[in-house]
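Protein chains in written order, with the working numbering: chain A, 89 to 431; chain B, 75 to 576; chain C, 2 to 354.
Cβ coordinates follow ideal geometry from the N, Cα and C atoms, glycine included.
This is the structure in structure tokens:
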């Protein structure tokens with residue numbers, strides 16, 4: 089390890105400052121966490137948000153402190169914190185957690201300029217939050233074991249006994265829970281509960297979509313319900329964890345063709361509303377959307393006129409079902425999954 | 075009673091917060107809802123998993139630790155000191171790093187078998203340390219006496235040595251059992267569900283939802299069952315050494331032709347518990363090359379980890395002082411009660427303590443929410459028993475006559491404690507801090523849930539990167555954790571030898 | 002052939018010689034005391050007999066059975082030799098009954114009765130049977146240890162300073178009880194101790210060790226009266242060692258002419274007297290042919306007092322312990338008399354077995 093002493097010392101000094109600051113603020117009893125930027129509760133991939141934050145700070149000089157966590161974890165956390173939340177901005181991978189916070193009335197309306205940058209299909213009509221990126225559900229399968237004819241025509245087929253022990257998912261993650269939320273909205277509670285019950289029998293749980301894809305690649309399991317970009321991301325690096333994996337898009341407005349919208353919103357309780365609004369505006373604008381196209385996230389860009397990475401199957405070709413993002417019910421989903429014994 | 079006593083009582087009451095929280099939540103949730111959440115098949119699965127894990131891992135650890143301790147302490151095994159060191163060294167490898175090493179060596183590893191294998195490798199030193207130290211303290215005269223009464227060596231071992239190792243074995247087994255209940259990262263990596271992994275998963279899905287709290291309640295019940303089990307088996311027995319004669323230095327058992335096969339045991343264990351992490355980490359470091367050393371991020375994470383570890387250790391040790399002082403100078407019913415409180419809380423998994431503090435601060439003590447204070451308080455609660463151990467030992471060695479002398483010179487008890495006792499007990503306090511900081515250094519679950527915004531400790535960074543299967547990127551964090559843990563582990567080793575009086 | 006024969010046993014710990022060429026014979030049913038200062042190798046000798054240590058060389062034969070001979074070695078647990086250690090070494094995890102019954106077959110029908118018998122034998126109350134060792138006094142612990150060692154009926158009993166942890170009064174009574182018990186049972190016994198009173202009163206045969214060597218072996222009385230050298234003499238009790246000129250059965254020394262034992266040695270030698278051979282008779286003034294002295298200092302010590310006597314004209318100080326009525330006050334002029342004969346050091350005892 090080559091860490092010089094001055095480097096170490098400055099790191100410690102920086103660290104002390106970073107974690108003592110909230111304490112000092114709290115002890116002082118004042119509610120102004122000083123002018124040193126905004127706090128983002130981030131459930132998006134750390135690397136993507138870090139790239140956004142770094143570019144935003146570079147451009148505007150506004151500092152960004154990130155707290156990382158899961159969609160529903162941070163969503164519920166903001167609800168629990170209520171008006172006292174230290175968060176200024178909330179970013180998610182999927183819509184249900186945004187809907188959760190919105191339902192609690194904790195979002196401030198977004199600036200009209202921000203909303204104008206995102207087509208209506210990628211944001212709720214309330215204007216309380218907006219899509220910032222999008223991702224498609226896929227069935228990632230082991231192409232050495234499965235032919236295209238073996239693939240499930242619908243997500244619902246994975247509940248059939250024929251798929252017992254053959255597919256994987258990451259049920260603890262917000263991604264999969266968003267897919268279930270879409271299923272719930274599209275097919276109703278009865279179908280969803282039945283499907284989850286069958287899933288409990290059929291599937292193998294992995295922690296994280298990357299891990300699930302890695303297992304498919306390693307031949308441990310035949311397929312996994314994940315999002316598309318894990319495969320592209322790995323292919324862009326070494327392909328080590330995806331070389332045996334191909335993606336199957338369900339299409340045909342199937343629940344499995346669900347395109348999930350990653351959301352961003354400004355908390356009504358924000359002490360720095362202007363800076364927070366600027367951040368959302370920036371990531372939905374040209375700079376932020378460009379990072380989606382050129383970076384390693386391989387998520388779809390949603391900004392008006394913004395292009396996605398050319399390697400991706402175009403959004404328009406995915407034949408996604410129509411889902412109202414603001415009505416995706418994360419609470420109901422976790423309850424159903426808990427009832428089914430998956431959580 | 076004095077201020078010191080008052081302080082000890084306050085610390086103990088504070089330490090009961092998490093337990094009180096679980097009870098409060100259970101009452102608030104109501105039996106109808108709670109029972110639906112508790113008596114469901116998933117919880118049954120978790121219970122079976124967790125019980126099997128404990129029931130398999132603990133006995134294997136006991137057999138392994140006793141065998142290793144006997145080989146290193148009582149036989150003429152070549153390089154016994156080296157093997158003794160290598161039997162303690164796995165403590166420097168955090169359990170989730172051990173798991174990461176194995177999973178990247180054997181990607182298909184999962185389930186109960188894998189859980190038991192990796193848990194044994196990660197936790198057997200917790201049994202080896204006390205057993206080896208008890209073996210060193212054993213009076214070999216007893217073994218001679220048993221032999222003179224016609225007992226063959228293996229009978230002597232079974233009827234004389236083992237019964238006297240009982241307390242050490244029970245204590246170590248309890249520690250291993252509690253770690254198994256509390257561990258998160260190790261089991262997530264190999265896809266083995268326990269209560270703790272399920273609680274974290276629920277937390278990640280619902281923040282502080284009632285389902286997570288109910289699972290925590292069951293987990294707490296499991297911990298209490300372990301505590302009672304240990305207490306019951308321990309009974310009232312205190313195997314005080316009878317008589318005062320000078321102990322004879324035991325004659326090492328001659329292994330003779332069994333030397334080579336006996337060498338295999340510590341060798342294989344060292345390869346599995348240390349060799350595998352070493353090889354895997356080296357492999358990822360080489361594969362990752364220079365790119366993975368992002369010094370800015372790594373330095374920041376290291377700095378934050380150090381601040382938390384040192385701060386938490388200082389806080390825990392400070393809180394432990396009144397407790398330790400009372401247990402030495404004013405032993406009695408009150409002291410036992412207070413100590414019992416601390417002990418129970420120290421046995422609670424980090425995830426439960428964190429869940430309690432998150433909910434309490436967010437609902438009733440918002441100014442403390444997400445502050446450095448809260449996370450340090452969590453660490454202090456979790457590691458208070460650890461801090462107590464060395465502190466108590468060194469206060470016991472500070473002569474009470476000095477305190478009395480200082481008191482007779484007109485100093486108040488608190489000032490005496492500070493200016494006399496703690497000066498003399500300083501080495502013990504330092505050891506306490508080292509032990510606690512070792513725990514905090516590698517802590518993951520509570521840190522993730524409680525850390526102030528923007529915190530990213532080594533463990534958190536390692537966990538995030540390995541979660542995205544960036545195993546190479548995670549390697550530097552793992553290496554730093556191991557490197558920083560090594561001297562602390564060494565200290566633990568030296569201390570255990572010293573406490574054995576040799 | 003003796004019951005136990007130790008032949009030329011040597012034992013080294015690294016460069017340190019713990020035992021050098023030790024030979025000892027022990028008769029069946031006898032009691033032998035091995036005495037020596039700490040570090041003299043007596044405990045090592047005991048451990049070698051017990052089988053807790055192996056000799057580097059030499060032979061060990063018990064009742065015709067070779068226990069150790071070079072590489073050949075019978076392990077401790079097959080020797081049938083009982084030990085009572087200094088601190089009793091009772092098993093702390095077992096109660097008294099289980100301690101005593103440790104060497105008895107566990108499912109034997111007569112086990113309980115035997116344990117009770119042994120308790121009676123060592124004069125302990127049966128109510129103690131359920132106690133833990135740490136609930137017993139030191140003397141009781143030693144009796145339990147003895148009962149435990151007696152239980153399996155050992156061929157030989159080894160006592161490793163078993164009375165040293167007890168206080169004075171208890172030590173004497175326990176020693177007597179143990180001696181009579183072992184004598185009644187007819188068990189051959191070896192006692193290791195650094196206490197000469199204990200050794201002399203307990204044993205039929207005393208062996209004195211120093212620095213890993215056996216200096217002298219014999220009857221207690223012989224050793225006391227006819228020690229082979231000054232060290233043995235002083236180790237077994239107070240001794241007055243004087244330079245003398247021997248001639249025709251008489252020694253000429255600072256105390257005048259003293260008869261010596263037969264042996265025919267002539268010329269310069271060192272002689273030994275025990276203080277109890279010296280008599281002090283207060284006198285007014287000296288006469289010819291007598292030795293006079295002056296009490297220069299006394300120290301009252303109850304039943305035994307100490308008087309320091311300066312021998313006139315010789316520059317010699319004698320330190321004598323004697324009863325108070327035989328201790329003249331300081332300043333008293335005394336005539337010094339000697340009863341019995343002086344022992345010439347370097348000469349072995351004439352009646353050595």
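Residue i burial status per 10 Å Cβ neighbour count (16 or more: buried)
i             : result
residue 521/B : buried
residue 115/C : buried
residue 227/A : buried
residue 108/C : exposed
residue 473/B : exposed
residue 113/C : exposed
residue 218/B : buried
residue 365/B : exposed
residue 551/B : buried
residue 60/B  : In this structure chain B extends from 75 to 576, so residue 60/B is not present and cannot be described.
residue 125/B : exposed
CB contact below 9 Å: residue i versus chain C
i             : result
residue 220/B : yes
residue 226/B : yes
residue 234/B : yes
residue 215/B : yes
Cutoff 9 Å: residue i Cβ touching any chain B Cβ
i             : result
residue 84/C  : yes
residue 103/C : yes
residue 9/C   : no
residue 187/A : no
residue 420/A : no
residue 351/C : Caution is warranted here: a pLDDT of 44 is assigned to residue 351/C, below 50, making its placement in the model unreliable, and no coordinate value can be reported.
residue 164/C : no
residue 127/A : yes
residue 250/C : no
C-beta atoms of residue i and residue j nearer than 9 Å
i             : j             : result
residue 214/B : residue 347/B : no
residue 382/B : residue 449/B : yes
residue 97/B  : residue 290/B : no
residue 512/B : residue 566/B : yes
residue 193/C : residue 35/C  : yes
residue 162/B : residue 203/B : yes
residue 556/B : residue 171/B : yes
residue 137/A : residue 278/B : no
residue 239/C : residue 322/C : yes
residue 93/B  : residue 147/B : no
residue 199/C : residue 164/C : yes
residue 397/B : residue 422/B : no
residue 85/C  : residue 205/C : no
CA nearest to the CA of residue i, picked from the options
i             : options                       : result
residue 583/B : 225/B, 446/B, 477/B and 490/B : This structure cannot settle anything about residue 583/B, because the visible part of chain B is limited to 75 through 576.
residue 152/C : 103/C, 166/C and 132/C        : 103/C
residue 166/C : 139/C, 144/C and 181/C        : 139/C
residue 262/A : 373/A, 144/A and 295/A        : 295/A
residue 274/A : 300/A, 243/A and 249/A        : 243/A
residue 423/A : 83/B, 114/B, 81/B and 78/B    : 114/B
residue 392/A : 386/A, 378/A, 385/A and 399/A : 378/A
residue 336/B : 197/B, 88/B, 143/B and 275/B  : 143/B
Quiz prompt | Complete runs of the beta strand (DSSP E) confined to the segment 353-405 of chain A [at least 3 residues] | solution = Listed in chain order, nothing qualifies, since the segment 353-405 of chain A has no complete beta strand (DSSP E) run of 3 or more residues.
Self-check item: Sequence ranges, alpha helix (DSSP H) only - wholly within the segment 10-62 of chain C, length at least 4
Solution: If we require 4 residues or more, the alpha helix (DSSP H) runs fully inside the segment 10-62 of chain C come out as 43-51.
Quiz prompt | Ordered list of alpha helix (DSSP H) runs contained in the segment 321-385 of chain B, each at least 4 residues | solution = Uninterrupted alpha helix (DSSP H) stretches at least 4 residues long and entirely within the segment 321-385 of chain B occur at 333-344 and 350-362, given in chain order.
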